[in-house]
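If you're matching positions, the sequence shown starts at 245 in the numbering used here and goes up one per residue.
Just so it is clear, CB atoms sit at the ideal spot from N, CA and C, and this is done for glycine as well.
Note sheet for the following structure.
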Amino acid sequence: MSLDIQKIRKDFPILNQQIYKKPLVYFDNGATTQKPQLVIDEEVKIYSEENSNIHRGVHYLSEQLTQRYEDARKVVRKFINAKHDHEVIFTSGTTESINTIAFSFGEKYVNEGDEIIISTLEHHANIVPWQILCERKNAVLKIIPINENGELILEEYEKLISSKTKIVAVNHVSNALGTINDIKRIIEIAHKRDIPVLIDGAQSVQHGNVDVKELDCDFYVFSGHKIYGPNGIGVLYGKEKWLNEMPPFMTGGEMIKKVSFEKTTFNELPLKFEAGTPNYVAAIGLAKAIEYIQNVGLKNIAEYEKELLDYATKKLESIEGLKIIGTAQNKISIISFILEDIHNYDAGMVIDKMGIAVRTGHHCAEPLMDSLNIEGTIRASFSFYNTKEEINSLYDALLTVKQMFG
Ligand code: PLP
């Protein structure tokens, strides 16, 4: 089935506007995606008609909204095909999810001299929490290297694993280069040694089906705002067996069973990891966003975005002096590139004046940029609401940049 992109675009009100008197071309979907009207409407409806703190009241509004929050959890569970609802923890986003795991898993299982494996491709959100843990526990961080295409070298990964390895944490898709990592293989290799694996799915869930049961990953995390949902909501999926053993990260209301001044006992999953008032409005909005992309069809989305990627790659490659950074065989609809002798920020400023939103800089992946020996890139990240005509506009803008600075 082919998608009716013009019809889809009408679902996203923000796309229908001019920036500097030019039609907005939004190619910064890797940073955050835009929201369909039905997600915006859902939030307005909750605040206008249904708002009440959840889990705490016996009154009508509270009970109704608690039910809707728990229904949202079920939508997420089905979406990623988790075994149990309580394996889905709502957080504020990928960053909080990873921090929660790094702290709690680390507290329970990581000791002096132990090792944690991450990769060169990681976003800072999947580096810094592990670094802090290593400092706290005197553990060692090991890094999977990449080849010249920006793909993880799995033979080197295997060599990094030792009897001291406690967890492997890698992204499914690199936000900076678009590389899709062979996480199935990465998980299999770790599991042969009984080592759990965390997958940072911030750049993958919005592009195709994710099945945590099939992958057999131990943890999978993502952010609502990158999957057409609201800000301030994210997901931490964890296998029950780990979440039951791990101590809570944040403490306070909701996550307790019984509190006295002498001692506190903790609640069952998932509440053990949801201290305080959760962002129930955003959780319900996230469920709406998931239902929306399921209606569009994740297979359709993946196919169309691949078409956009191939088109853009061909078009941009034809520009003299433009070098694509990240040429993995398996890529998501992200293109990072640099222009010979032109600084990314200069290019970004000119592109912006054409009404085109791209991102420039290190994309929160400074160690990756260091390993590539570059300061940063210009990144265009496409969504299923983008068009080939918009890619043509980027192409034209890049020719203008070259004229101005070349
Ligand atoms: N991991 C990856 C791969 C990302 O691309 C991002 C954001 O760009 C994050 C983690 C952090 O996500 P958030 O800022 O929503 O917590």
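Would you please state the rounded distance, in angstroms, between the beta carbons of residue i and residue j? I believe it to be under 8 Å.
i       : j       : result
Gln-651 : Tyr-270 : No answer is possible for residue 651: it lies beyond the span of the chain, which begins at 245 and ends at 650.
Thr-508 : Lys-502 : 7 Å
Lys-189 : Gly-422 : Any property of residue 189 remains undetermined from this structure, which presents the chain solely from 245 to 650.
Ile-568 : Ser-580 : 7 Å
Pro-474 : Val-283 : 7 Å
Arg-429 : Leu-398 : 6 Å
Asn-325 : Pro-373 : Rounded, the Cβ-Cβ distance is 26 Å, inconsistent with contact.
Gly-476 : Ala-434 : 32 Å between Cβ atoms; not a contact.
I'd like to confirm something about residue i: is its beta-carbon nearer than 7 Å to some heavy atom of ligand 1, or not?
i       : result
Thr-508 : no
Excluding the 5 residues flanking residue i on each side, which residues of the same chain have their C-beta closer than 6 Å to its C-beta?
i       : result
Thr-339 : Ala-369
Pro-440 : Ile-411, Asp-462
Glu-584 : Gly-565
Arg-317 : Asp-329, Val-332
Gln-447 : Val-417, Asn-419
Cys-608 : His-367, His-368
Tyr-639 : Lys-559
His-606 : Met-613, Gly-620
Nearest-angstrom Cα distance between residue i and residue j?
i       : j       : result
Leu-616 : Ile-258 : 35 Å
Pro-492 : Glu-307 : 26 Å
Lys-559 : Ala-519 : 49 Å
Ile-362 : Leu-442 : 10 Å
Glu-293 : Pro-280 : 20 Å
Lys-289 : Arg-253 : 22 Å
Val-449 : Lys-532 : 15 Å
Ile-618 : Glu-392 : 13 Å
Ala-275 : Pro-514 : 28 Å
Val-414 : Val-302 : 43 Å
Lys-251 : Asn-630 : 12 Å
Gly-497 : Thr-521 : 8 Å
Asp-596 : Thr-644 : 12 Å
Ile-534 : Phe-256 : 15 Å
Ser-341 : Leu-480 : 5 Å
Gly-620 : Ile-427 : 26 Å
Ile-376 : Phe-649 : 42 Å
Asn-425 : Glu-395 : 7 Å
Lys-386 : Gln-647 : 44 Å
Asn-355 : Lys-327 : 30 Å
Ala-556 : Asn-636 : 8 Å
Met-499 : Ile-249 : 44 Å
Lys-516 : Leu-487 : 9 Å
Glu-512 : Ala-346 : 20 Å
Leu-360 : Asp-438 : A quick correction: the sequence has Ile, not Leu, at residue 360. About 14 Å.
Lys-457 : Lys-632 : 36 Å
Residues in its own chain within less than 8 Å of residue i by CB, not counting five upstream and five downstream?
i       : result
Asp-358 : Lys-381, Ala-383, Val-384, Lys-408, Thr-409, Lys-410
Gln-262 : Leu-268, Gly-599
Gln-573 : Asn-393, Glu-395
Output needed for residue i: all residues of its chain with C-beta closer than 7 Å, excluding positions within five of it in sequence on either side, in chain order.
i       : result
Gly-445 : His-416, Val-454, Tyr-464, Val-465, Phe-466
Lys-592 : One detail in the question is off: residue 592 reads as Gly in this sequence, not Lys. Val-602, Thr-604, Ile-622, listed in sequence order.
Tyr-656 : The structure shown does not extend to residue 656, since the chain is modelled only from 245 through 650, so no value can be given for it.
Phe-628 : Leu-247, Ile-252, Val-540, Ile-545, Tyr-548, Glu-549
Lys-352 : Glu-489, Met-490, Pro-491
Lys-266 : Met-598, Gly-599
Ile-431 : Val-441, Leu-459, Asp-460, Cys-461
Ile-371 : Ile-362, Pro-611
For ligand 1, list every residue whose C-beta falls under 5 Å from any of its heavy atoms, going in chain order.
This criterion selects Gly-337, Thr-338, Thr-339, His-367, Ala-369, Asn-415, Asn-419, Asp-444, Ala-446, Gln-447, Ser-467.
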